[in-house]
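Notes follow once the structure below has been shown.
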Amino acid sequence: MARLEQVITSIVDIFMEYADDGGKKQQLNKEELKKLFEKEIQSDELKGKINTDDIEEAMKMLDQNHDGEVNFREFCRCVSALARSYYQSKKGKGGKKGKEAEPQ
Ligand SMILES: [Ca+2]
Numbered sequence: 563m564a565r566l567e568q569v570i571t572s573i574v575d576i577f578m579e580y581a582d583d584g585g586k587k588q589q590l591n592k593e594e595l596k597k598l599f600e601k602e603i604q605s606d607e608l609k610g611k612i613n614t615d616d617i618e619e620a621m622k623m624l625d626q627n628h629d630g631e632v633n634f635r636e637f638c639r640c641v642s643a644l645a646r647s648y649y650q651s652k653k654g655k656g657g658k659k660g661k662e663a664e665p666q
């Protein structure tokens, strides 16, 4: 499978695996979200972006429709936010400052 396809199917598979773990299906509750972050995010760089110690806070940020759980749409938002912040940090590190003056 091509790399991007792997990523896309992984996002879906990971969500479904943890969402169906227990409780309501197709939704991540607090315990499932915590387990997912702990097991599926290992690098310090990305770990630093999510406060896994304070899952209440993480849930509050991700739970856009305030039903107390994270649905697939909310999970995707989280993944893309992580990707964006990883991109920003990578770009900042290797990039030549001054050459690309991008408005924030
Ligand atoms: Ca929700």
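Last residue of the sequence shown: number 666 in my numbering, and the count goes up by one each step with no gaps.
All residues carry an ideal CB built from backbone N, CA and C; glycine is no exception.
Option in Lys609, Met563, Ala643, Gln650 with minimal Cα separation from Leu624 | Sorting Lys609, Met563, Ala643, Gln650 by C-alpha distance to the C-alpha of Leu624 places Ala643 at the top.
Do you know offhand how far Cys638's Cα is from Ile573's?
-> Going by the C-alpha atoms only, they are around 8 Å apart.
Between the Cα of Gln589 and those of Tyr649, Glu631, Gly654, Thr571, spot the shortest distance and give me the residue it belongs to.
-> Glu631
Asn633 burial status per 10 Å Cβ neighbour count (16 or more: buried) | buried
Would you give the residue range spanned by the alpha helix (DSSP H) that Thr571 belongs to?
-> DSSP places Thr571 in the uninterrupted alpha helix (DSSP H) bounded by 565-581.
9 Å Cβ cutoff met for Glu607 and Tyr648 | yes
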